[in-house]
Amino acid sequence: MSGHHDDGHTHEQNEAELRTKALESLLVEKGIISTDVIDDVVRAYEQDIGPMNGAKVVARAWTDPAYRERLLKDGTTAIAELGFQGAQGAEIVVLENTPDTHNMVVCTLCSCYPWPVLGLPPAWYKSEAYRSRAVIEPRAVLSEFGLELEEAVEVRVWDSNSDVRYMVLPERPEGTEGMSEDELAEFVTRDAMIGVAKIASPAATV
Amino acid sequence: MSGHHDDGHTHEQNEAELRTKALESLLVEKGIISTDVIDDVVRAYEQDIGPMNGAKVVARAWTDPAYRERLLKDGTTAIAELGFQGAQGAEIVVLENTPDTHNMVVCTLCSCYPWPVLGLPPAWYKSEAYRSRAVIEPRAVLSEFGLELEEAVEVRVWDSNSDVRYMVLPERPEGTEGMSEDELAEFVTRDAMIGVAKIASPAATV
Amino acid sequence: GVHDMGGMHGFGPVLREENEPVFHEPWEGRVFALNLTTPLSGGLRPAIEAMRPADYLNSSYYEKWLHAKTVGLIAAGYVTEAELEARVQEFRDNPGLEPERVENPVLVAEQRERLAGIFPPARNPEGDSSFRPGDAVRVRNINLAGHTRLPRYIRGHLGTVDRLYGWHELQDQDPPGVTKEGIEPVYSVRFEGAELWGEQAEPNSCVYIDMWESYLESA
Amino acid sequence: GVHDMGGMHGFGPVLREENEPVFHEPWEGRVFALNLTTPLSGGLRPAIEAMRPADYLNSSYYEKWLHAKTVGLIAAGYVTEAELEARVQEFRDNPGLEPERVENPVLVAEQRERLAGIFPPARNPEGDSSFRPGDAVRVRNINLAGHTRLPRYIRGHLGTVDRLYGWHELQDQDPPGVTKEGIEPVYSVRFEGAELWGEQAEPNSCVYIDMWESYLESA
Numbered sequence: 414m415s416g417h418h419d420d421g422h423t424h425e426q427n428e429a430e431l432r433t434k435a436l437e438s439l440l441v442e443k444g445i446i447s448t449d450v451i452d453d454v455v456r457a458y459e460q461d462i463g464p465m466n467g468a469k470v471v472a473r474a475w476t477d478p479a480y481r482e483r484l485l486k487d488g489t490t491a492i493a494e495l496g497f498q499g500a501q502g503a504e505i506v507v508l509e510n511t512p513d514t515h516n517m518v519v520c521t522l523c524s525c526y527p528w529p530v531l532g533l534p535p536a537w538y539k540s541e542a543y544r545s546r547a548v549i550e551p552r553a554v555l556s557e558f559g560l561e562l563e564e565a566v567e568v569r570v571w572d573s574n575s576d577v578r579y580m581v582l583p584e585r586p587e588g589t590e591g592m593s594e595d596e597l598a599e600f601v602t603r604d605a606m607i608g609v610a611k612i613a614s615p616a617a618t619v
Numbered sequence: 414m415s416g417h418h419d420d421g422h423t424h425e426q427n428e429a430e431l432r433t434k435a436l437e438s439l440l441v442e443k444g445i446i447s448t449d450v451i452d453d454v455v456r457a458y459e460q461d462i463g464p465m466n467g468a469k470v471v472a473r474a475w476t477d478p479a480y481r482e483r484l485l486k487d488g489t490t491a492i493a494e495l496g497f498q499g500a501q502g503a504e505i506v507v508l509e510n511t512p513d514t515h516n517m518v519v520c521t522l523c524s525c526y527p528w529p530v531l532g533l534p535p536a537w538y539k540s541e542a543y544r545s546r547a548v549i550e551p552r553a554v555l556s557e558f559g560l561e562l563e564e565a566v567e568v569r570v571w572d573s574n575s576d577v578r579y580m581v582l583p584e585r586p587e588g589t590e591g592m593s594e595d596e597l598a599e600f601v602t603r604d605a606m607i608g609v610a611k612i613a614s615p616a617a618t619v
Numbered sequence: 031g032v033h034d035m036g037g038m039h040g041f042g043p044v045l046r047e048e049n050e051p052v053f054h055e056p057w058e059g060r061v062f063a064l065n066l067t068t069p070l071s072g073g074l075r076p077a078i079e080a081m082r083p084a085d086y087l088n089s090s091y092y093e094k095w096l097h098a099k100t101v102g103l104i105a106a107g108y109v110t111e112a113e114l115e116a117r118v119q120e121f122r123d124n125p126g127l128e129p130e131r132v133e134n135p136v137l138v139a140e141q142r143e144r145l146a147g148i149f150p151p152a153r154n155p156e157g158d159s160s161f162r163p164g165d166a167v168r169v170r171n172i173n174l175a176g177h178t179r180l181p182r183y184i185r186g187h188l189g190t191v192d193r194l195y196g197w198h199e200l201q202d203q204d205p206p207g208v209t210k211e212g213i214e215p216v217y218s219v220r221f222e223g224a225e226l227w228g229e230q231a232e233p234n235s236c237v238y239i240d241m242w243e244s245y246l247e248s249a
Numbered sequence: 031g032v033h034d035m036g037g038m039h040g041f042g043p044v045l046r047e048e049n050e051p052v053f054h055e056p057w058e059g060r061v062f063a064l065n066l067t068t069p070l071s072g073g074l075r076p077a078i079e080a081m082r083p084a085d086y087l088n089s090s091y092y093e094k095w096l097h098a099k100t101v102g103l104i105a106a107g108y109v110t111e112a113e114l115e116a117r118v119q120e121f122r123d124n125p126g127l128e129p130e131r132v133e134n135p136v137l138v139a140e141q142r143e144r145l146a147g148i149f150p151p152a153r154n155p156e157g158d159s160s161f162r163p164g165d166a167v168r169v170r171n172i173n174l175a176g177h178t179r180l181p182r183y184i185r186g187h188l189g190t191v192d193r194l195y196g197w198h199e200l201q202d203q204d205p206p207g208v209t210k211e212g213i214e215p216v217y218s219v220r221f222e223g224a225e226l227w228g229e230q231a232e233p234n235s236c237v238y239i240d241m242w243e244s245y246l247e248s249a
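Quick note, the sequences are listed as chains A, G, C and Z, same order. The first sequence begins at 414 in our numbering and counts up by one. The second sequence begins at 414 in our numbering and counts up by one. The third sequence begins at 31 in our numbering and counts up by one. The fourth sequence begins at 31 in our numbering and counts up by one.
Written out as C-alpha cells, the structure reads:
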C-alpha cells in the first residue's frame, strides 16, 4: 500500500469510501484486479457507454425503414450492428411508441436497465418512488415528468424482471424532415428512450 | 417553565425525550392537560392495566362454566363484569384454544391489542418480524416461541384490523384440578393470552 | 405503504426481551399518556403511515407516536410549529430542565372516568347486511393510497364469512386525509393459508380478518 | 422483502436531478467497476435483498452494491473479513491514503474484450413451451422467501401471453441461497391495469412483465 493523495484537499472519509478503498486495495494486492482495469471500466461508463449510443440507434431507425424493422424484430442484433453490446445487453427488446401507444420502462425489484444503449441509470430510475409507482400510477408519474397523455393513448409499463432489457423507440418529432442521422441523434433524449418523455419538435423550441 | 432535575445524573438528551418534554410543557402551560393527569395515566398502565387482568378473566372462565359461556359469546360484557374495560376494549372477542384449534393474535397494519385485559403490548408484538410473519408462517413463529404444534392442530391467526380486539382463552393445564381462581390466575401468562404459548402444567415444572 | 407488512419477507426472527418494562424510557410513558389524554380525530395512524418508509422502519414505536402526535397537535392548532421548536430548543439548551409541574385533581378525576369507560366507535346497533356465516366471498382489489384497513395480502382472495360483528364506521381515507363516510357491517372472514400463500402456506393454518362489507363481493 | 415495491404506496414524488453525473462520488465508480470485473455466481441481488429492510431503504444504490459485493467476496474466499476490517482501519487512520496503483495492460485488454461481448445467460436455444401468444394465464401464487423474479403485485392475477422470448435459466432461490435448477420458456405477459389495481387503476394502462413458465397456469 502506498501513495498519498497530494491534491491538498481534506477528504471527508465516509464509510463507503473507506470500505471501497480497502476492497480495491486488497483485490489489487492479491492480483485479482489491477488499478487500470478499474480506471478503464469507470472511464468506459463515464464516457463511452451512455444514452448517446441509444440515440444513434433511434436516429438510424428513424431514417432507415429496414433497420427499424430489424430493430423491432430483434433489438439485440440490430443494436449490435451499430457496435453496442455488452453487460446488461444480452437481450434487448425495443418498444415502439406511436400516437396510440406509449411504452415506459421500469424495474420494480431492482434497477435493471439496458446499459449498452443507455449507460447507467439515473438516480430517479433507481428511486423507490419510481420503482413503486410506475406500475400502479404510470400516468401520474409521467405527469410529474411533464408528459400528459390523453386517455385514448394506451400506456404500457414494462417491468424488467428477467434478463430481457427494454428500450423505447420514441416517435420522431415533426419538423425534423430532411435532417441527417447525426443531426437527429442530437435530439434523442435518455428520458424518451426510457419512455418518460417525448421528444420535442425542434420547431416548438424556436 | 421551571424545575431542574437535581438527581445529579447527566441525562443524555435524546431527540425524542426533548421533543416530548417540549410538547408536555406547552400543553400543560396552555391548560390542555396537567402534569398529574399524565402521571396518573402512566401509573395506571404501569401498575393496574396489564395481563394480570386477563389472567383473572381466564381463571374465572376455567372455574365457572356459565361465565365461560358468557365470555365466549360476548367477551366485552363478560370482561366488564370483572371491572375491565376502557381504551382499546370497545369490543373484545375471546378465542378459545382447544386440543384441536390454536388461536393466535396479530395486528399486521399497526399493533392493535386488547389493553383492558393485557395492558400495553410487548415490543415483539409490535415488531416488524411478528407483524409480517404471523400471517404467513405462524407455525414457524410459534416454534421460535418454543411451541411446536402438530399438523392435526389447526392454527388460526387473527389479524386485528378493525376496532375488534382479540384475546385468547388458553387451555387449562393438567394438574390444576381443585385450585382456586386466584391460584389459577397465577399460572396464566400474557403470551398464552396472545396465543404464542400454552400454559405449562404445574406438575411438569416440579 | 411499508406499514402494510403482513406476509412480507425479510424482517428476520421475532426477538423477545425478558422482563420487559411497560415503558423502556420515561418519555415513552409521557408520550403514551399525552396521546391518550388529548384525543384527536382520526388518531395517529394516518400520520404514522405517511412517514417516509425508511423513517417508519427506523423509528421505534413511541417515536412514531411522538411524530404523529406532534403533526396532529399542530394541525389541530393546539400548538404551533414555531413555539414547539422554540421550546425544544430551550430544553436542548438546558439539560436537566423538566417541564413545569401543574396539578389539577379535577382533570385527573375526569380523565380517569373517561378512560375507565368503554370507547365505543360510533356505530349502528343493527341494520341490513348482505352476507351470512358460511357465505363464500372474494375480497375486492382496492388499492387506496390513504389509510385503509384492507391489507394487501388479503386483496383478491377467496374467503368464508365466519360471523357478523356489527356495524362499524368506515376508517378508510380516499383521497388520503379524507375519511370515507359511512357505517357498514363488519364480518370476521376466514381465509385458508393455501389460498393466501399457495404452496408456501404452512399446513392446516388459516387467517381470520375483519372485513367491512364494502371490501367484499359474493364469490 | 421490501425491495419488492411495485405498487406500494408512500414513497413520494419521483425526484430528478439536473445534469446528473454518471457517478456522484469517485468511490461509486470504483465499486461499480470492481463488481463488473470480479463477477460472482448469483450476482449481488440476493445479498442486497437480504439486507434489513430499514438498511435497504436507508442505503444508496452503490452502498447496497458495496455491501453485497463485500458479502460475496468474503463468501467466495477472495478476502477475509479480518483482513478487510484491518485494511479499512488503515485507511481510516490515514486520511488521504489511496490504494496502491498496480497496472496490468493485459488484464485491461482482457476485461475490455469480456465486457464488450454479449453476456448471454445460459439458456437453451429452443424447446417445448406450453403457452402461445394470446393465451389467458393466471400467475401462480408463489411466495418464496428467497430471491425471486415474481413480484408480489402480479401474483394471482390474470394476464395474456404476448410473446415467447426464449428459454432462460431460473433465477429463483428456494430455499434462500439455493438457486433452483432449470431452464424454462420466458414469456412477456400483459396485465390490464384494472386487473392489477381494481378501481384505483388509471384508465387505458397495462403492465407487461416477463414470466418464467412455471410462474403461470392456464386460465
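Glycine residues also receive a C-beta, built at the ideal position from the N, C-alpha and C atoms. Here the structure is a predicted model, which is why all the values come from computation and not from measurement.
List, in order along the chain, the chain Z residues whose C-beta lies closer than 9 Å to that of residue i?
{"i": "C/Leu-174", "result": "His-39, Gln-230"}
{"i": "A/Tyr-458", "result": "Val-52, Phe-53, Gly-59, Phe-62, Ala-63, Leu-66"}
Nearest to residue i by CA position, among the options, is which residue?
{"i": "A/Leu-547", "options": "Z/Ser-218, Z/Ile-239, Z/Asp-123", "result": "Before going on, a small fix: residue 547 of chain A reads as Ala here, not Leu. The residue with the shortest Cα to Cα distance from A/Ala-547 is Z/Ile-239."}
{"i": "G/Ile-446", "options": "C/Asn-124, C/Val-32, C/Pro-129, C/Tyr-92", "result": "C/Pro-129"}
{"i": "Z/Val-32", "options": "Z/Asp-158, Z/Glu-214, Z/Ala-84, Z/Leu-194", "result": "Z/Ala-84"}
{"i": "A/Ala-493", "options": "Z/Ala-146, Z/Thr-67, Z/Glu-243, Z/Thr-190", "result": "Z/Ala-146"}
{"i": "G/Pro-464", "options": "G/Ala-613, G/Val-581, G/Ala-616, G/Thr-589", "result": "G/Val-581"}
{"i": "G/Lys-486", "options": "G/Gly-467, G/Ala-613, G/Glu-509", "result": "G/Glu-509"}
{"i": "C/Ile-78", "options": "C/Glu-199, C/Thr-68, C/Val-101, C/Val-169", "result": "C/Val-101"}
{"i": "A/Cys-523", "options": "Z/Thr-110, Z/Leu-180, Z/Arg-170", "result": "Z/Leu-180"}
{"i": "Z/Ser-218", "options": "Z/Thr-178, Z/Leu-246, Z/Ser-89, Z/Asp-204", "result": "Z/Leu-246"}
Which residues in chain Z have a C-beta closer than 8 Å to the C-beta of residue i? List them in chain order.
{"i": "A/Pro-535", "result": "Arg-46, Glu-47, Glu-50"}
{"i": "C/Trp-227", "result": "Asn-171, Asn-173"}
Along chain G, in chain order, which residues have C-beta atoms closer than 9 Å to that of residue i?
{"i": "C/Tyr-267", "result": "Since the first residue of chain C shown is 31 and the last is 249, residue 267 of chain C is not available in this structure."}
Counting only Cβ pairs nearer than 8 Å, list the residues of chain A close to residue i.
{"i": "Z/Ser-235", "result": "Pro-551, Arg-552, Glu-567, Val-568, Arg-569, Val-570"}
{"i": "Z/Leu-145", "result": "Val-454, Ala-457, Gly-499, Ala-500"}
For residue i, which residues in chain A fall below 7 Å Cβ to Cβ?
{"i": "Z/Ile-239", "result": "Asp-572, Asn-574"}
Residues of chain G with a CB under 7 Å from the CB of residue i: which are they?
{"i": "C/Pro-43", "result": "Ala-542, Glu-557"}
Which residues in chain Z have a C-beta closer than 7 Å to the C-beta of residue i? List them in chain order.
{"i": "A/Val-530", "result": "By Cβ distance, chain Z contributes nothing, its closest Cβ being about 13 Å from A/Val-530, past 7 Å."}
{"i": "C/Pro-83", "result": "Gly-40, Phe-41, Leu-87"}
Shorter than 6 Å, the distance from the beta carbon of residue i to the closest heavy atom of the ligand SAH, or not?
{"i": "G/Glu-561", "result": "Among the components of this structure there are no ligands whatsoever, and the ligand SAH is therefore not found."}
Subject >> Where the segment 440-454 of chain A meets chain Z: residues whose CB sits under 9 Å from a CB there >> reply: Those would be Leu-440, Val-441, Glu-442, Lys-443, Gly-444, Ile-445, Ile-446, Ser-447, Thr-448, Asp-449, Val-450, Ile-451, Asp-452, Asp-453, Val-454, in chain order.
**OP:** Give a yes or no on contact between the segment 597-616 of chain G and the segment 217-229 of chain C, applying the rule of three or more CB pairs nearer than 8 Å.
**Re:** no
**OP:** Could you please tell me which residues of the segment 471-484 of chain A, in chain order, have their CB closer than 7 Å to any CB of chain Z?
**Re:** none
**OP:** Any chance you could list the alpha helix (DSSP H) runs of at least 4 consecutive residues sitting entirely within the segment 454-487 of chain A, in chain order?
**Re:** 464-476, 478-486
Subject >> 3-residue-minimum beta strand (DSSP E) runs that sit fully inside the segment 539-608 of chain G, ordered along the chain >> reply: With a minimum length of 3 residues, the continuous beta strand (DSSP E) runs that stay inside the segment 539-608 of chain G are 567-572, 577-582.
Original post:
Looking at chain Z, which residues of the segment 90-116 of chain C have a Cβ within less than 7 Å of any of its Cβ atoms?
Top reply: none
**OP:** Report yes or no: do the segment 493-505 of chain G and the segment 32-42 of chain C share at least 3 C-beta pairs separated by less than 8 Å?
**Re:** no
Original post:
Does the segment 56-74 of chain C come close enough to the segment 432-451 of chain G that 3 or more CB-CB pairs lie under 8 Å?
Top reply: yes
**OP:** Ignoring anything shorter than 3 residues or poking outside the segment 165-209 of chain Z, list the beta strand (DSSP E) runs there in chain order.
**Re:** Fully enclosed beta strand (DSSP E) runs of 3 or longer: 166-169, 188-199.
Original post:
Are three or more beta carbon pairs between the segment 467-480 of chain G and the segment 89-102 of chain C nearer than 8 Å?
Top reply: no
Subject >> Start-end ranges of the alpha helix (DSSP H) lying completely within the segment 71-111 of chain Z, minimum 4 residues >> reply: 75-79, 83-88, 91-105
Original post:
Of the residues that make up the segment 160-172 of chain Z, which ones have a beta carbon closer than 7 Å to any beta carbon in chain A?
Top reply: Considering only beta carbons, no part of the segment 160-172 of chain Z lies closer than 7 Å to chain A.
Original post:
Are the segment 515-535 of chain A and the segment 560-577 of chain A in contact at 8 Å, needing three or more beta carbon pairs?
Top reply: Under the three-pair Cβ rule at 8 Å, the segment 515-535 of chain A counts as touching the segment 560-577 of chain A.
Original post:
Just by C-beta distance, which residues in the segment 128-142 of chain Z are closer than 8 Å to chain A?
Top reply: Glu-128, Pro-129, Glu-130, Arg-131, Val-132, Glu-133, Asn-134, Pro-135, Leu-137, Val-138, Gln-141, Arg-142
Subject >> Segments of 4+ residues assigned as alpha helix (DSSP H) that fall wholly inside the segment 483-540 of chain G >> reply: 488-494, 528-531, 536-539
**OP:** Give the residues from the segment 178-197 of chain Z that approach chain A closer than 7 Å (Cβ to any Cβ), ordered along the chain.
**Re:** Arg-179, Pro-181, Tyr-183, Tyr-195
Subject >> Three-pair Cβ contact test at 8 Å for the segment 523-532 of chain A versus the segment 453-464 of chain A >> reply: yes
Original post:
Between the segment 199-211 of chain Z and chain A, which residues of the former have CB atoms less than 7 Å from a CB of the latter, in chain order?
Top reply: none
Original post:
Do three or more CB pairs link the segment 184-204 of chain Z to the segment 42-61 of chain Z at distances below 8 Å?
Top reply: Fewer than three beta-carbon pairs drawn from the segment 184-204 of chain Z and the segment 42-61 of chain Z are found closer than 8 Å, and the two stretches are therefore not classed as touching.
Original post:
Given 8 Å as the limit, is there contact between the segment 63-75 of chain C and the segment 229-244 of chain Z, that is, 3 or more CB pairs closer than that?
Top reply: no
Original post:
Would the segment 153-169 of chain C and the segment 202-213 of chain Z be scored as touching if the rule is three or more Cβ pairs under 8 Å?
Top reply: Output reads no: the segment 202-213 of chain Z does not touch the segment 153-169 of chain C.
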